[in-house]
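Participant:
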Amino acid sequence: MKKLKSLLGIGLVLTICLCLFGCGSRTRNADTSKNDGTFNIVSSFYPMHILAMNLTNKIDGVKETSMSEPNIGCIHDHTFSTDDLKKVEGADVYIENGLGLEAFNNKIKKAYPDTAIVEVAKNITGEDLNPHVWTNIDYYISQVKYASKQLQRLNPENKNSYAANEKSYVAKLEQLKTDNGNTIKSVEGKKVLVLDEALPNFCKFLKMNVIEIETDHEEEALSADDLKKAIKTMNDEKVKTIFIAKDSDRSTAEAIAAETGATIYELNTCMVGNKNSTADAYITDMKENFKIIATIN
Ligand SMILES: [Zn+2]
């Protein structure tokens, strides 16, 4: 009886071993089929996705996807989920804005230590730098160049393709600046109240004089006291222009406008799109912004 028990025991152990071995090899097979030589790039959120889409344009064997949906808004307000983490699995490179916007990136580092994390804002520095840097076209060009350099280093067999894509995208962005040179100049030094965190860097690019108040993309959450202060500052400094993000809540801006006679302008933050957004999305959004800027008097 004792012998039978131990035989059963051995049988059980063998079964467990076989299962573990079987499961293990299935996992390895799955990995092998996934690892078909494709260089996988995952971008953190929409502006990074558009940037990476341009750099990876028409390169065979390079696949780029976005970790988050194009309509989530700012990644710094986003609650990181296990679904998000799963989407980074198998990535050779994870592209993020950086400067603290993707506060969850430690979880990615921990789960996938072999995935290279490229922080594209790495070369952008400055005192009290607002991390939403992509709305400044000069900063954005720096991000494109830095991302390209890192992709060339991490995926050297496609070095020339990344370099060619970078050159063509940067040329388009420089053209955008040239084409709108007069509009950009027309608002230089103009005072503006900005009610979305993604827009001060756009104003910096325009050399506007920004009256910034703490909003965290949610200007509707402004306290009555802050609202009073904003109105006083606007009137004292004779600020007649308010920028808010397109499709955002207008109530605070309207309350301020009613007390100051200021005009509200809704601008693209270049961080919201949809599944059909194409590589030119950033340029299209910026062109729309310049059309609106041109109406400021
Ligand atoms: Zn944000």
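Per the working numbering, the sequence shown starts with residue 25, numbered consecutively. In this text, a Cβ means the ideal position worked out from N, Cα and C, and glycines have one as well.
1. Where Q199 and V144 are concerned, what is the direct C-alpha to C-alpha distance, given to the nearest angstrom?
2. How far does the alpha helix (DSSP H) with Y164 in it reach, from first residue to last?
3. Helix, strand or coil for A187? Go by DSSP, reduced to three states.
4. By the 10 Å Cβ neighbour count, where 16 or more other Cβ atoms means buried, how is P137 classified, buried or exposed?
5. Around the C-beta of F184, are 16 or more other C-beta atoms found within 10 angstroms, so that it is buried, or is it exposed?
6. Give every residue of the same chain whose Cβ lies closer than 8 Å to the Cβ of K262, excluding the five residues on either side of it in the sequence, and list them in chain order.
7. Let's test the definition: count the other Cβ atoms within 10 Å of the Cβ of T106 and tell me whether it reaches 16, buried, or not, exposed.
8. Helix, strand or coil for K215, going by three-state DSSP, please let me know.
9. CA-CA distance, V293 and K201?
10. What span of residues does the alpha helix (DSSP H) with T276 cover, start to end?
11. Tell me where the beta strand (DSSP E) around I65 begins and ends.
12. Given a cut-off of 8 Å on the beta-carbon distance, is the pair Y186 and L175 in contact?
13. From this set, F128, D162, Q167, which residue's C-alpha is nearest N147's C-alpha?
14. In this structure, how does DSSP classify V112 when only helix, strand and coil are distinguished?
15. Looking at the unbroken beta strand (DSSP E) that takes in N233, where does it start and where does it end?
16. Heavy atom of ligand 1 less than 7 Å from the Cβ of D84, yes or no?
17. What do you get for S49, buried or exposed, if any count of 16 or more other CB atoms within 10 angstroms of its CB means buried?
18. Once the 5 residues before and after K29 are set aside, which same chain residues still bring their CB inside 8 Å of it?
19. For L291, which residues does DSSP report across the bridge?
20. Buried or exposed: G285, going by 16 or more other Cβ atoms within 10 Å of its Cβ?
21. Distance, Cα to Cα, A305 vs N233?
22. Report back the beta-carbon spacing between I96 and T207 to the nearest angstrom; my notes put them in contact at under 8 Å.
23. Please state the DSSP three-state secondary structure of I141.
24. Note the first and the last residue of the continuous alpha helix (DSSP H) segment covering T207.
25. Label N300 either buried or exposed according to how many other C-beta atoms from any shown protein chain fall within 10 Å of its C-beta, with 16 as the threshold for buried.
26. Could you tell me whether the Cβ atoms of F69 and F104 are closer together than 8 Å?
27. Leaving out five residues on either side along the sequence, give the residues of the same chain with a beta carbon under 8 Å from the beta carbon of C41.
28. Go ahead and label N130 buried or exposed: buried means 16 or more other beta carbons lie within 10 angstroms of its beta carbon, across all protein chains shown.
29. Grab the span of the alpha helix (DSSP H) containing T257 for me, first residue to last.
30. Give the C-beta separation of A76 and E88 to the nearest angstrom, bearing in mind that I take them to be a contact with Cβ-Cβ under 8 Å.
Facilitator: If we stick to the structure as given:
1. As a first step, residue 199 is located in the sequence shown; it is residue number 175 there, counting from the start. As a first step, residue 144 is located in the sequence shown; it is residue number 120 there, counting from the start. Answer to the nearest angstrom: the Cα atoms are 22 Å apart.
2. Locating residue 164 in the sequence shown gives position 140, counting from the first residue. Start and end: 161 to 178.
3. Taking the first residue of the sequence shown as 1, we reach residue 187 at position 163. When secondary structure is reduced to three states using DSSP, A187 falls in the helix class.
4. Stepping through the sequence shown from its first residue, residue 137 is reached at position 113. Classification for P137: exposed.
5. Here residue 184 is taken as the residue at index 160 of the sequence shown, counted from 1. It is worth fixing the name first, because residue 184 is Asn in this sequence and not Phe. By the neighbour-count rule (16 or more Cβ atoms within 10 Å), N184 is not buried but exposed.
6. In the sequence shown, residue 262 corresponds to position 238, counting from 1. Cβ within range, chain order: K215.
7. The sequence position of residue 106 within the sequence shown is 82, counting from 1. So T106 counts as exposed.
8. Taking the first residue of the sequence shown as position 1, residue 215 is located at position 191. Residue state, collapsed to three classes: strand.
9. As a position in the sequence shown, residue 293 is number 269, starting the count at 1. As a position in the sequence shown, residue 201 is number 177, starting the count at 1. Going by the sequence as given, residue 293 is Thr instead of Val. Computed Cα separation, rounded: 17 Å.
10. Reading the sequence shown from its first residue, position 252 is the one you call residue 276. Segment 275 to 284, the alpha helix (DSSP H) holding T276.
11. If you number the sequence shown from 1, residue 65 lands on position 41. 63 to 67 is the span of the beta strand (DSSP E), which, as asked, contains I65.
12. Taking the first residue of the sequence shown as position 1, residue 186 is located at position 162. Taking the first residue of the sequence shown as position 1, residue 175 is located at position 151. It is a contact, given that the beta carbons lie within the stated cut-off.
13. Your numbering for residue 147 matches position 123 in the sequence shown. The shortest Cα separation from N147 among F128, D162, Q167 belongs to Q167.
14. Taking the sequence shown and counting its residues from 1, one reaches residue 112 at position 88. Helix.
15. Taking the first residue of the sequence shown as position 1, residue 233 is located at position 209. 233 to 236 is the span of the beta strand (DSSP E), which, as asked, contains N233.
16. Position 60 of the sequence shown, counted from the first residue, corresponds to residue 84. Every heavy atom of ligand 1 is 7 Å or more from the Cβ of D84, so no.
17. By 1-based counting over the sequence shown, the position of residue 49 is 25. Because the pLDDT at S49 is just 35, under 50, the model does not fix this residue reliably, and the value given afterwards should be weighed accordingly. That one is exposed.
18. The residue labelled residue 29 in the question sits at position 5 within the sequence shown. Legend: pLDDT at K29 = 45, less than 50; position of this residue unreliable, no value from coordinates given.
19. As a position in the sequence shown, residue 291 is number 267, starting the count at 1. Answer is A269, bridged to L291.
20. Position 261 of the sequence shown, counted from the start, is the residue given in the question as residue 285. With fewer than 16 other Cβ atoms within 10 Å, it is exposed.
21. As a working note, residue 305 is residue 281 in the sequence shown. As a working note, residue 233 is residue 209 in the sequence shown. Rounded to whole angstroms, A305 to N233 spans 27 Å at the Cα level.
22. Position 72 of the sequence shown, counted from the first residue, corresponds to residue 96. Position 183 of the sequence shown, counted from the first residue, corresponds to residue 207. Actually they do not touch by this definition, with Cβ atoms about 30 Å apart.
23. Numbered from its first residue, the sequence shown carries residue 141 at position 117. Strand.
24. Numbered from 1 along the sequence shown, position 183 holds the residue referred to as residue 207. Residues 205 to 210.
25. Taking the sequence shown and counting its residues from 1, one reaches residue 300 at position 276. Exposed, by the Cβ-count rule.
26. To locate residue 69, count along the sequence shown from 1; it is residue 45. To locate residue 104, count along the sequence shown from 1; it is residue 80. No, they are not a contact pair.
27. The residue labelled residue 41 in the question sits at position 17 within the sequence shown. Because the pLDDT at C41 is just 39, under 50, the model does not fix this residue reliably, and the point stays unresolved.
28. For the purposes of this step, residue 130 is taken as the residue at position 106 of the sequence shown. N130 should be labelled exposed.
29. Walking along the sequence shown from the start, residue 257 turns up at place 233. Residues 248 to 260.
30. On the sequence shown, residue 76 is found 52 positions in, with the first residue counted as 1. On the sequence shown, residue 88 is found 64 positions in, with the first residue counted as 1. Yes, they are in contact, since the Cβ atoms of A76 and E88 sit about 5 Å apart, within 8 Å.
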